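For the protein sequence lines, the chains are A and B, in the order given. All letters in the first sequence, in the order written, are residues 1 to 303 by full-length UniProt numbering. All letters in the second sequence, in the order written, are residues 1 to 275 by full-length UniProt numbering. Glycine included, each C-beta is placed from N, C-alpha and C at the ideal position. None of the values given here were measured: they were computed from a predicted structure.
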Amino acid sequence: MELLKRLRQSWLLKPRSGVIAIPYVWLLLFFLVPFIIVLKISFAETEIAIPPYTDLVTFDDNRLTIDLNLGNYAYLFSDDLYLSAYLSSIRIALVSTLLCLLIGYPMALAISRAPASTRNVLLLLVILPSWTSFLIRIYAWIGILKPNGYINNFLMSLGIIDDPIIMLHTDFAVYIGIVYAYLPFMILPLYANMMKLDHSLVEASQDLGASPFTTLMRVIVPLTKAGIIAGCMLVFIPAVGEFVIPELLGGPQTLMIGKVLWEEFFNNRDWPVASAVAIVMLVLLIIPIMWFDRIQNRQTEEA
Amino acid sequence: MRFSFSKMMLWLGLAFLYAPMLILVIYSFNESRLVTVWAGFSTKWYGALLENQKLLDAVANSLKIAFFSATAAVILGTLAAFVLARFKGFKCSTLLRGMITAPLVMPEVITGLSLLLLFVAMAQLVGWPESRGMTTIWLAHTTFCTAYVAVVVGSRLTEMDMSVEEAAQDLGATPLKVFFTITLPMIAPALVSGWLLAFTLSLDDLVIASFVSGPGSTTLPMVVFSSVRLGVSPEINALATIIIGIVTSLVFASWYYARRVEKARLREQRALSQS
Chain A
1 MELLKRLRQS WLLKPRSGVI AIPYVWLLLF FLVPFIIVLK ISFAETEIAI PPYTDLVTFD
61 DNRLTIDLNL GNYAYLFSDD LYLSAYLSSI RIALVSTLLC LLIGYPMALA ISRAPASTRN
121 VLLLLVILPS WTSFLIRIYA WIGILKPNGY INNFLMSLGI IDDPIIMLHT DFAVYIGIVY
181 AYLPFMILPL YANMMKLDHS LVEASQDLGA SPFTTLMRVI VPLTKAGIIA GCMLVFIPAV
241 GEFVIPELLG GPQTLMIGKV LWEEFFNNRD WPVASAVAIV MLVLLIIPIM WFDRIQNRQT
301 EEA
Chain B
1 MRFSFSKMML WLGLAFLYAP MLILVIYSFN ESRLVTVWAG FSTKWYGALL ENQKLLDAVA
61 NSLKIAFFSA TAAVILGTLA AFVLARFKGF KCSTLLRGMI TAPLVMPEVI TGLSLLLLFV
121 AMAQLVGWPE SRGMTTIWLA HTTFCTAYVA VVVGSRLTEM DMSVEEAAQD LGATPLKVFF
181 TITLPMIAPA LVSGWLLAFT LSLDDLVIAS FVSGPGSTTL PMVVFSSVRL GVSPEINALA
241 TIIIGIVTSL VFASWYYARR VEKARLREQR ALSQS
């Protein structure tokens, strides 16, 4: 009896725990456990079989063998392709994030200063494109940038250029694609942060004779730091692993790690190397991801 | 004169966002197969879309997956958001918080690969799922959509006035009753927008679905992607126009509706305060 009572009082059997358990177990199983499996398979070897990798742990003849193959990681670091793909992904994502911030910050500022009635419409106009298909918005740029596309046709009909400018399948096109696709994700957190801004501080700075630019740089920007960080992380982290944009707009010389992983998996069918690529990418991104986590949670706690 | 720079940037930015879509729409009515050269008005590419059986099947698949993913994600995401907002500081709540925010930024190739490897490992261990297809895409989409729904619902829950819930509880309502009669109606708008967000995210996903799909479960983005890889095509322009048209009219309809509800509420409040 005593045991039964204790059992009923234990946290495991409270109805509250049941409510907690449903999303918890789902996310553990479908979000966290998969990463452990990726880690495991990154230590396996490719094999022509279904599934195409070797087992790490085998048990026969009373002998337990744990076979960790570090070859995939050694391969990643010995082949220049992977190293330069990581570096150029980070470079492309960094530049695109900066461009998004430079374009998005004044846009968010203008929306937050608009009269209340038009503010919602403007915000809606910014969000609306991201509700339509991502793939199709990237596709739109193929027609614009290609050698006989709209820009080249227009410039040639005016006689400004004689030969088409090569823009499609270059890094330039990839930058445009990333900025275009991710701009709304930069503007939203910036706008949310600016709406919380204490206006009396801005007025105080102006009353004390600061120029609009000084007010912006020394009052508004520091006060919206959380929004800047959140927006930058929302652009930078997914952009590092982007596949669709470099695949459609980039050229053969555009190295991005998301594309390398895709090709390793789908074209070479090398699951262990693809897993190692993913694990190294995660290690690179874990600090930005945790930073984003902290900013995000601090905001919900403040509210 | 002040802030005119930011205003100018706003209009330039909006032009940058909308010009490519506008061009897509205009050239979907182009007679010529050469998408970028205007050769007269025609709606024949819309007709061609309706005869493309592969595309229509993919649309049906995508709609089915999106409907069930959004529905499951709203249930799971609301539970997660509720648990985080109301049961503060339970065991391992930081981990749950992390598992809600991390999917928002996780590169899709990593999510896709990890889920595929999970399904393969599960098939080996427990014999399920036997093959990959609609079910595995549904599981994958539900998981990443849950995170988005939890964020949308969570922000509504934190800004909501908790005193009403507390009052109901003080008057003797059980927690379950409080949730269904007080909390749920108050967060209903967030559930609707969360569902719509999840629905569009699922409809739009190419990368994750490509990893976890199987034979017979081709979704719309996969069909579009394999066609787009070969270059521009007027049929894709027509499809884009239809998608843009549907999304725009739905978004503006819901915005108009929300504005009317808000206005009616304000009128009611004013009438009450005057009487």
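Can the beta-carbon of residue i be found closer than 8 angstroms to that of residue j?
{"i": "valine 25(B)", "j": "threonine 241(B)", "result": "yes"}
{"i": "methionine 186(B)", "j": "methionine 160(B)", "result": "yes"}
{"i": "leucine 118(B)", "j": "alanine 274(A)", "result": "no"}
{"i": "leucine 249(A)", "j": "isoleucine 166(A)", "result": "no"}
{"i": "leucine 83(A)", "j": "phenylalanine 77(A)", "result": "yes"}
{"i": "proline 184(A)", "j": "isoleucine 127(A)", "result": "yes"}
{"i": "tryptophan 11(B)", "j": "leucine 124(A)", "result": "no"}
{"i": "glycine 227(A)", "j": "glycine 104(A)", "result": "no"}
{"i": "valine 219(A)", "j": "leucine 201(A)", "result": "yes"}
{"i": "proline 129(A)", "j": "methionine 21(B)", "result": "yes"}
{"i": "alanine 114(A)", "j": "leucine 122(A)", "result": "yes"}
{"i": "leucine 56(A)", "j": "alanine 74(A)", "result": "no"}
{"i": "valine 149(B)", "j": "valine 74(B)", "result": "yes"}
{"i": "valine 207(B)", "j": "valine 109(B)", "result": "yes"}
{"i": "leucine 79(B)", "j": "serine 93(B)", "result": "no"}
{"i": "alanine 72(B)", "j": "proline 103(B)", "result": "no"}
{"i": "asparagine 62(A)", "j": "alanine 276(A)", "result": "no"}
{"i": "leucine 70(A)", "j": "valine 228(B)", "result": "no"}
{"i": "alanine 238(B)", "j": "leucine 49(B)", "result": "yes"}
{"i": "methionine 186(A)", "j": "leucine 216(A)", "result": "no"}
{"i": "alanine 271(B)", "j": "leucine 157(B)", "result": "no"}
{"i": "isoleucine 229(A)", "j": "isoleucine 295(A)", "result": "yes"}
At a CB-CB cut-off below 8 angstroms, which residues of chain A make contact with residue i?
{"i": "serine 114(B)", "result": "Pro34, Phe35, Ile37, Val38 and Ala278"}
{"i": "valine 223(B)", "result": "Those within 8 angstroms of valine 223(B) in chain A number zero; the least Cβ separation is about 10 angstroms."}
{"i": "phenylalanine 5(B)", "result": "Pro106"}
{"i": "leucine 10(B)", "result": "Pro106, Met107, Ala110, Ile111 and Leu122"}
{"i": "leucine 184(B)", "result": "By Cβ distance, chain A contributes nothing, its closest Cβ being about 14 angstroms from leucine 184(B), past 8 angstroms."}
{"i": "threonine 143(B)", "result": "Trp26, Leu27, Phe30 and Phe31"}
Give the interface partners of residue i over in chain B, defined as CB-CB distance under 8 angstroms, in chain order.
{"i": "valine 244(A)", "result": "Leu206, Val207 and Phe225"}
{"i": "alanine 274(A)", "result": "Leu113"}
{"i": "valine 270(A)", "result": "In the sequence under discussion, the amino acid at residue 270(A) is aspartate, which differs from the valine named in the question. Under the 8 angstroms cutoff, chain B gives no residues; its nearest Cβ is about 12 angstroms from aspartate 270(A)."}
{"i": "leucine 255(A)", "result": "Those within 8 angstroms of leucine 255(A) in chain B number zero; the least Cβ separation is about 14 angstroms."}
{"i": "aspartate 293(A)", "result": "Arg97, Gly98, Thr101 and Ala102"}
Would you mind giving the Cβ-Cβ distance between residue i and residue j, rounded to the nearest angstrom? I have them listed as a contact below 8 angstroms.
{"i": "leucine 27(A)", "j": "methionine 99(B)", "result": "4 angstroms"}
{"i": "serine 112(A)", "j": "tyrosine 191(A)", "result": "6 angstroms"}
{"i": "methionine 194(A)", "j": "alanine 108(A)", "result": "6 angstroms"}
{"i": "tryptophan 138(B)", "j": "serine 69(B)", "result": "6 angstroms"}
{"i": "isoleucine 246(B)", "j": "serine 133(A)", "result": "Contact flag wrong, Cβ pair sits at about 11 angstroms."}
{"i": "valine 174(A)", "j": "threonine 97(A)", "result": "Actually they are not in contact, since the Cβ atoms of valine 174(A) and threonine 97(A) sit about 13 angstroms apart, beyond 8 angstroms."}
List the residues of chain A that residue i touches, going by C-beta distances under 9 angstroms, in chain order.
{"i": "methionine 99(B)", "result": "Pro23, Tyr24, Leu27, Leu28, Phe31 and Leu32"}
{"i": "valine 228(B)", "result": "Leu135, Ile136, Ile138, Tyr139, Ile142 and Leu248"}
Listing by chain order, which chain A residues have their CB less than 7 angstroms from the CB of residue i?
{"i": "arginine 253(B)", "result": "One point to set straight first is that residue 253(B) is alanine, not arginine, in the sequence displayed. In chain order: nothing, as chain A lies at least about 12 angstroms away."}
{"i": "alanine 80(B)", "result": "Pro23"}
Taking Cβ-Cβ distances shorter than 7 angstroms, what residues in chain B pair up with residue i?
{"i": "isoleucine 90(A)", "result": "Residues of chain B passing the Cβ test: none, with the nearest at roughly 12 angstroms."}
{"i": "methionine 233(A)", "result": "Val105"}
{"i": "tryptophan 262(A)", "result": "Val109"}
{"i": "phenylalanine 265(A)", "result": "Leu113"}
{"i": "methionine 186(A)", "result": "Going along chain B, no residue has its Cβ under 7 angstroms from methionine 186(A), so there is no contact; the nearest lies around 10 angstroms."}
Would you say the beta carbon of residue i is closer than 7 angstroms to some non-hydrogen atom of the ligand GDP?
{"i": "threonine 58(A)", "result": "Among the components modelled here there is no ligand, and therefore nothing to report on the ligand GDP."}
What residues of chain B sit near residue i, judged by a beta carbon separation below 9 angstroms?
{"i": "methionine 217(A)", "result": "Chain B residues near methionine 217(A): none, gap ~13 angstroms exceeds 9 angstroms."}
{"i": "arginine 119(A)", "result": "Simply none; closest approach about 11 angstroms."}
{"i": "proline 115(A)", "result": "Correct list: empty, because the minimum Cβ distance to chain B is about 12 angstroms."}
(request) Check whether the segment 63–77 of chain B touches the segment 124–139 of chain B, counting contact only when three or more Cβ pairs, one atom from each stretch, lie closer than 8 angstroms. (result) yes
(message) Count Cβ pairs between the segment 257–272 of chain A and the segment 40–59 of chain A that sit closer than 8 angstroms; are there 3 or more?
(response) yes
(request) Assess, as a yes-or-no matter, whether the segment 229–249 of chain A is touched by the segment 178–186 of chain A under the definition of 3 or more beta carbon pairs within less than 8 angstroms. (result) Flag = yes, the segment 178–186 of chain A and the segment 229–249 of chain A touch.
(message) Would the segment 7–17 of chain B count as touching the segment 216–226 of chain B if we require 3 or more Cβ pairs under 8 angstroms?
(response) no
(request) Anything in the segment 120–131 of chain B with a Cβ closer than 8 angstroms to a Cβ of chain D? List those residues in chain order, please. (result) Note that chain D does not occur in the displayed structure, where the protein chains are A and B.
(message) Three or more C-beta pairs under 8 angstroms: does that hold for the segment 198–218 of chain B against the segment 80–100 of chain B?
(response) The segment 198–218 of chain B vs the segment 80–100 of chain B: no contact.
(request) For the segment 141–166 of chain A, enumerate the residues whose C-beta is nearer than 8 angstroms to any C-beta of chain B, in chain order. (result) Trp141, Ile142, Gly143, Ile144, Lys146, Asn148, Gly149, Tyr150 and Asn153
(request) Evaluate contact between the segment 33–43 of chain A and the segment 250–262 of chain A, counting only Cβ atoms and requiring at least three cross-stretch pairs below 8 angstroms. (result) no
(message) Against chain A, which members of the segment 14–33 of chain B pass a CB distance test of less than 8 angstroms?
(response) Leu14, Phe16, Leu17, Tyr18, Pro20, Met21, Ile23, Leu24 and Tyr27
(message) Output needed in chain order: residues of the segment 66–77 of chain A with a Cβ under 9 angstroms from some Cβ in chain B.
(response) Those residues of the segment 66–77 of chain A that come within reach of chain B (Cβ to Cβ, closer than 9 angstroms) do not exist; the list is empty.
(message) Can you pull out the residues from the segment 86–97 of chain B whose beta carbon lies closer than 7 angstroms to at least one beta carbon of chain A?
(response) Phe87, Phe90, Leu96 and Arg97
(request) Could you say if the segment 38–58 of chain B and the segment 244–255 of chain B meet the contact criterion of at least three C-beta pairs nearer than 8 angstroms? (result) no
(message) For the structure I just gave you, are there three or more beta carbon pairs, one from the segment 131–146 of chain A and one from the segment 154–169 of chain A, closer than 8 angstroms?
(response) Yes: the two stretches touch, three or more of their Cβ pairs being nearer than 8 angstroms.
(message) Beta carbons nearer than 7 angstroms to chain A: which residues of the segment 233–253 of chain B have them?
(response) Ile236, Ala240, Ile243, Ile244, Val247, Thr248 and Val251
(message) To be precise: take each residue of the segment 148–167 of chain B, compare its Cβ to all Cβ atoms of chain A, and keep it if any distance is under 9 angstroms. Which residues remain?
(response) Ala150, Val151, Gly154, Ser155, Thr158 and Glu159
(request) Closer than 9 angstroms, Cβ to Cβ, to anything on chain A: give me those residues from the segment 34–65 of chain B, in chain order. (result) Answer set for the segment 34–65 of chain B: Leu34, Val35, Thr36 and Val37.
(message) Whether or not the segment 182–197 of chain B and the segment 147–157 of chain B are in contact is what I'm after, with contact meaning three or more pairs of Cβ atoms, one per stretch, closer than 8 angstroms; do they touch?
(response) Because the criterion of three Cβ pairs below 8 angstroms is met, the segment 147–157 of chain B and the segment 182–197 of chain B touch.
(request) Check distances from the C-beta atoms of the segment 255–266 of chain B to those of chain A and list, in chain order, the residues that come in under 7 angstroms. (result) Trp255
(message) Closer than 7 angstroms between beta carbons: that is the criterion. Which residues of the segment 184–202 of chain B meet it against chain A?
(response) Thr200
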